[in-house]
Amino acid sequence: LWLRVADRVQLVVGEFPAPTFDALYDGVRALPWADFIPFDGNIPVDGKTVKSKLTSLPAVQGMVKKAIVDTIGARHKRSVLPESGERYRVQVALLNDRATLTIDLSGDGLHRRGYRDLSVAAPIKETLGAGIMTLSRWRGDRPFADICCGSGTIPIEAALYALDAAPGLQRPFDSEKMGFIPQETWREARIEARDRFKRGLELDIYGSDLDPQAISLAERHARRAGVQNYIRWAVAPAREFEPGTEYGTVVSNPPYGERIGEMREVEDLYREMGHLYRRLPTWSWNIFTGHETFERFFDHAATRKRKLYNGKLRCDLFQYQGPRPPRAPRDTAPSP
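Residue numbers (this note's numbering): 1 to 336.
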């Protein structure tokens with residue numbers, strides 16, 4: 001419910017050596033599946049195998065499924081299970097001949113918050129946007145801007161963070177229907193999440209993009225996320241960003257460029273961003289891009305560079321730490 005960056009949550013049912021199919025069957029068969037999965041549970045089995053003797057994934061999945069069905073069936077004295085009930089997605093992961101068996105508690109990946117139903121081309125996942133925002137060290141007390149915001153993921157995740165809004169509040173999870181987790185536990189967790197939402201805060205969050213359709217989607221997603229009153233949107237090129245405030249934070253995921261014509265446009269954009277950086281000396285900048293020579297066109301060396309992945313694509317978060325805002329002077333007047 002509260003995880004902003006994790007992809008999913010899995011319950012580890014057991015781990016054991018599995019160099020052969022017999023060892024795999026016996027190991028799975030010995031685990032307490034019937035304590036977690038009811039007689040009518042729907043049991044899809046996913047899997048992966050890395051550096052292990054058992055290389056046929058379909059055969060591995062089939063053996064795991066048979067062992068689970070045999071275990072649950074033995075408790076209920078049945079050889080066939082109906083699988084007509086709720087989903088209990090099992091994963092078998094083989095690494096160096098060692099098996100790890102888990103039950104997925106999430107359902108859809110945790111990046112699916114529930115607010116983004118439409119998107120522009122190549123959007124970043126909500127979990128990645130939240131991670132980049134968190135690494136920027138922005139905590140809601142300064143101006144925040146994404147000047148290449150696309151369909152609005154990064155500003156929306158920033159607003160959810162600053163408002164202490166649970167990112168999973170608007171979506172269901174498979175574990176809400178699993179009998180071994182009390183319904184009352186989930187009910188209390190959701191009540192607490194709604195109570196913690198800090199409505200009424202004054203936030204300075206801005207998102208802009210050249211594409212009017214992207215901004216239209218950003219506004220839609222902000223409404224669906226419940227943060228429409230905390231973000232200002234604009235259709236504007238990055239070079240026209242004029243915050244009128246100091247000591248803010250830019251967090252942005254600009255285009256990377258793939259074709260030659262696009263690459264020239266992207267590099268021109270990076271130059272414009274470098275000009276902005278010089279014009280806004282008190283602002284901190286955090287630019288996430290797959291362009292390896294970003295610093296050359298931005299014309300400044302990053303204070304810190306972090307290696308991250310957008311799916312399978314290697315990217316970098318180029319961070320430029322600005323000065324801290326001055327502390328307010330203390331009132332030294334004597335007490336009456």
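C-beta: ideal position from N, C-alpha, C; glycine also.
Span separating the alpha-carbon of residue i from that of residue j
| i | j | result |
| --- | --- | --- |
| A165 | K307 | 28 Å |
| A162 | V266 | 31 Å |
| F288 | V250 | 11 Å |
| G244 | R224 | 29 Å |
| L95 | L105 | 22 Å |
| Y277 | G322 | 10 Å |
| H291 | G257 | 8 Å |
| K177 | E86 | 7 Å |
| F180 | E188 | 16 Å |
| F197 | E219 | 20 Å |
| A18 | G27 | 8 Å |
| P255 | E202 | 30 Å |
C-beta neighbour in chain E for residue i, strict 8 Å
| i | result |
| --- | --- |
| R112 | Within the model displayed, chain E is absent; a lone protein chain is all it includes. |
One or two residues paired with residue i in a DSSP bridge
| i | result |
| --- | --- |
| C315 | L308 |
| A145 | Y206 and V250 |
| T90 | Note on identity: in this sequence residue 90 is Val, with Thr being the wrong assignment. Bridge partners of V90: V45 and I103. |
Residue burial classification, residue i (beta-carbon count within 10 angstroms, cutoff 16)
| i | result |
| --- | --- |
| V339 | This structure does not reach residue 339, given that the chain is present from 1 up to 336, and the question cannot be answered. |
| D209 | buried |
| G150 | buried |
| I191 | exposed |
| D146 | buried |
| K125 | buried |
| A301 | exposed |
| V50 | exposed |
Whole-angstrom C-beta distance between residue j and residue i, which should lie under 8 Å
| i | j | result |
| --- | --- | --- |
| V13 | I72 | Between I72 and V13 the Cβ distance is about 12 Å, and since that is not below 8 Å, they are no contact. |
| R113 | Q170 | 7 Å |
| L313 | L135 | Wrong, their Cβ atoms sit about 18 Å apart, outside the cutoff. |
| A67 | R98 | Actually they are not in contact, since the Cβ atoms of A67 and R98 sit about 16 Å apart, beyond 8 Å. |
| A158 | L1 | The pair is not a contact, with the Cβ atoms about 19 Å apart (cut-off 8 Å). |
| I156 | V227 | 6 Å |
Margin query: Could you tell me which whole beta strand (DSSP E) segments of length 3 or greater appear in the stretch 92-132?
Written below: 98-104
| message | Quick check on the DSSP output: what are the complete beta strand (DSSP E) runs of length 3 or more inside the stretch 213-251, in order along the chain? | response | 231-235
| field | Length at least 3, wholly inside the stretch 171-215: the beta strand (DSSP E) runs in chain order | value | 205-209
Could I get the ranges of all uninterrupted beta strand (DSSP E) runs contained in the stretch 267-303, with 3 residues as the minimum, in chain order? 284-289
- Message: Give the list of continuous alpha helix (DSSP H) stretches no shorter than 4 residues that lie fully inside the stretch 6-73.
- Response: 21-29
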